[in-house]
Amino acid sequence: APLLRLAGVTKSFPDGTDAVAGVDLVVRPGELVAVVGPSGCGKSTLLHLVAGLARPSGGTLTRATDRVGYVFQDPTLLPWRTVRRNVELFGELADLPRAERRRRAERVLAAVGLTEFADHRPGQLSGGMRMRAALARALLVEPELFLFDEPFAALDEITRQDMGEELLRLFDQRGFGAIFVTHSVAEAVYLASRVLVMSARPGRVLREIEVAVAHPRR
Ligand code: ADP
Ligand code: ADP
Numbered sequence: 012a013p014l015l016r017l018a019g020v021t022k023s024f025p026d027g028t029d030a031v032a033g034v035d036l037v038v039r040p041g042e043l044v045a046v047v048g049p050s051g052c053g054k055s056t057l058l059h060l061v062a063g064l065a066r067p068s069g070g071t072l073t074r075a076t077d078r079v080g081y082v083f084q085d086p087t088l089l090p091w092r093t094v095r096r097n098v099e100l101f102g103e104l105a106d107l108p109r110a111e112r113r114r115r116a117e118r119v120l121a122a123v124g125l126t127e128f129a130d131h132r133p134g135q136l137s138g139g140m141r142m143r144a145a146l147a148r149a150l151l152v153e154p155e156l157f158l159f160d161e162p163f164a165a166l167d168e169i170t171r172q173d174m175g176e177e178l179l180r181l182f183d184q185r186g187f188g189a190i191f192v193t194h195s196v197a198e199a200v201y202l203a204s205r206v207l208v209m210s211a212r213p214g215r216v217l218r219e220i221e222v223a224v225a226h227p228r229r
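Residue numbers (full-length UniProt numbering): 12 to 229.
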């Protein structure tokens, strides 16, 4: 069964903008779908709807899981807390018992290669490492559906490629479904097996492209 199904989903704002206009989308477990398009085409609004942060004005949106991970371009870590505490705090929000929070935090920090930096504060980390911390934090709830809103856009080219590889590795290991929003066509095609191309006229999907995977990573 799909993790997520959108049928004719629309989001209209009071000023008359249709930020999302009649979008159909299905995401199954183990699928990484990229959404690509220029600034203002409705990519963030689409993710807000999927995450339940906004309600559609029309159409139907069915999400089969509440375990949703969300990663933004700005990792917004609390600067006065260690990386470990930043990660554990997410478990408090999810009402995980303390021992379980601790156990999972160690595991997800290891999964993104941050064990050695767990006692650092965010300001002592590079941009790439802060992004790893944001990934670890999102992994804490063991998401079945992962939403990425231009997560690597602020990173330099080399770090962005490292993070792309890191993401694909986690994706292969854990088999979650994901929507990856980006304005880079190259990044979309590099990471995803399916790409939705959105129009500069906001909210419309122009094309849906299947990407042939020549060498499965698995
Ligand atoms: P993207 O993430 O692709 O840059 P957004 O989803 O942020 O695009 O925005 C899509 C369109 O909706 C844009 O034209 C934007 O100006 C408009 N928009 C976004 N949020 C609001 C809002 N709260 N009220 C009115 N218009 C909005
Ligand atoms: P442009 O900005 O011209 O669209 P990019 O800078 O996005 O191009 O990408 C440059 C090259 O890096 C691409 O050929 C692509 O194969 C690769 N690439 C892009 N994004 C990623 C990523 N996140 N991880 C790994 N490789 C990537």
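All C-beta atoms in this analysis are idealised placements derived from N, C-alpha and C, irrespective of residue type, glycine included.
Burial state of residue i (16 or more Cβ within 10 Å)
| i | result |
| --- | --- |
| residue 226 | exposed |
| residue 155 | buried |
| residue 141 | buried |
| residue 218 | exposed |
| residue 223 | exposed |
Which listed residue (the options) has its alpha carbon closest to that of residue i
| i | options | result |
| --- | --- | --- |
| residue 105 | 95, 153 and 133 | 153 |
| residue 40 | 137, 78, 28 and 89 | 78 |
| residue 51 | 209, 223 and 220 | 209 |
| residue 216 | 49, 25, 76 and 27 | 49 |
| residue 221 | 204, 214, 211 and 213 | 204 |
| residue 74 | 90, 114 and 188 | 188 |
| residue 214 | 25, 33 and 12 | 33 |
| residue 135 | 114, 90 and 108 | 90 |
Beta carbon of residue i nearer than 8 Å to that of residue j
| i | j | result |
| --- | --- | --- |
| residue 191 | residue 65 | no |
| residue 21 | residue 37 | no |
| residue 171 | residue 163 | yes |
| residue 139 | residue 85 | no |
| residue 116 | residue 95 | yes |
| residue 60 | residue 72 | yes |
| residue 110 | residue 120 | no |
| residue 147 | residue 165 | no |
| residue 98 | residue 151 | yes |
| residue 35 | residue 14 | no |
| residue 133 | residue 88 | yes |
| residue 27 | residue 70 | no |
| residue 92 | residue 102 | no |
Neighbourhood of residue i by C-beta distance below 6 Å, restricted to the same chain and skipping five residues each side
| i | result |
| --- | --- |
| residue 199 | 45, 47, 193 and 206 |
| residue 23 | 29 and 68 |
Residues near residue i in its chain [Cβ-Cβ closer than 7 Å; skip 5 each side]
| i | result |
| --- | --- |
| residue 231 | Nothing can be reported for residue 231, as the shown portion of the chain is limited to 12 through 229. |
| residue 168 | none |
| residue 186 | 40 and 41 |
| residue 76 | 14, 155 and 156 |
| residue 126 | 120 |
| residue 131 | 93 and 94 |
| residue 12 | 75 |
Sequence-distant residues of the same chain with beta carbon closer than 8 Å to residue i, five excluded per side
| i | result |
| --- | --- |
| residue 160 | 54, 55, 58, 81, 82, 83, 84 and 192 |
| residue 211 | 48, 49, 51 and 52 |
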